[in-house]
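Visitor:
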Amino acid sequence: MEILEKAGILKNFYLAGGTGLAFQLNHRLSHHLDFFTNKDINIKFIIRELKNLGKLSIENESENSLTCNFNTTIITFLEYDYPCLFVFKNLQGIKIADSRDIGCMKIDAISSGGTKRDFIELFYICKKVISLDELIILFQRKYKNVEYNMIHIFKSLLYFEDAEKEPMPRTITSTSWKDVKNYFKKEVKRLN
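Everything in the sequence shown is counted per the numbering used here, starting at 267 for the first residue and increasing by one.
Written as structure tokens, this is what we have:
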């Protein structure tokens, strides 16, 4: 990440996703970097700079996002119009989204068909940082311009079928998938 920061690529970006969370909670190892910005992305500039810095292969490119493999690390750059509610953390000049903002983003991801990793990361946020009911309030604030159906959100937090098919991500602390599912079943029941 330091090489990206020095090249000026990360000037308008902040790190979120699992790696951003891992820097704060130290819950797992992550090799995928997710960088977000609320500004227009200059994809051509990013590609040119990355090619100058190392080995690059493009995995997916669109008008407002880029996923690539840079020196064996998967990196995603994404335009994301939703504001961060909390001040960024700072790691050697790299902005990192607060774990509560990442929690809101995880709820959003789960509502669109969450991965096992999304559920597990949301579980860690709710256990170590903020309760699910408080996070739901922040979620509604962060996405206030989106008409989310909260019944759908709660149902999504209980829909594990797709995630069941995925392997268990490696975490630093031992957590079972059964514990994660039981937590959300109990919490959603309590909140309804």
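Every residue, glycine too, gets a C-beta built ideally from N, C-alpha and C.
Sorted by chain position, which residues of the same chain lie with C-beta nearer than 7 Å to residue 289's C-beta, five sequence neighbours on each side aside?
Guide: These residues qualify, in order along the chain: 357 and 362.
Visitor: Give a yes or no on whether the C-beta atoms belonging to residue 303 and residue 336 are separated by under 8 Å.
Guide: Not closer than 8 Å, so no.
Visitor: Grab the span of the alpha helix (DSSP H) containing residue 420 for me, first residue to last.
Guide: Counting along the chain, the alpha helix (DSSP H) containing residue 420 begins and ends at 416-422.
Visitor: Could you tell me the boundaries of the alpha helix (DSSP H) in which residue 490 lies?
Guide: Nothing can be reported for residue 490, as the shown portion of the chain is limited to 267 through 458.
Visitor: On a Cα-Cα basis, can you pick out the residue from 409, 385 and 283 that is closest to residue 427?
Guide: Considering only alpha carbons, the answer is 385.
Visitor: DSSP three-state label for residue 294, please.
Guide: If DSSP states are grouped into helix, strand and coil, residue 294 belongs with the strands.
Visitor: Short check: CB of residue 389 to CB of residue 454, under 8 Å?
Guide: No, the Cβ-Cβ distance between residue 389 and residue 454 is not below 8 Å.
Visitor: Looking at the structure shown, is residue 342 part of a helix, part of a strand, or coil, going by DSSP?
Guide: It is a strand residue.
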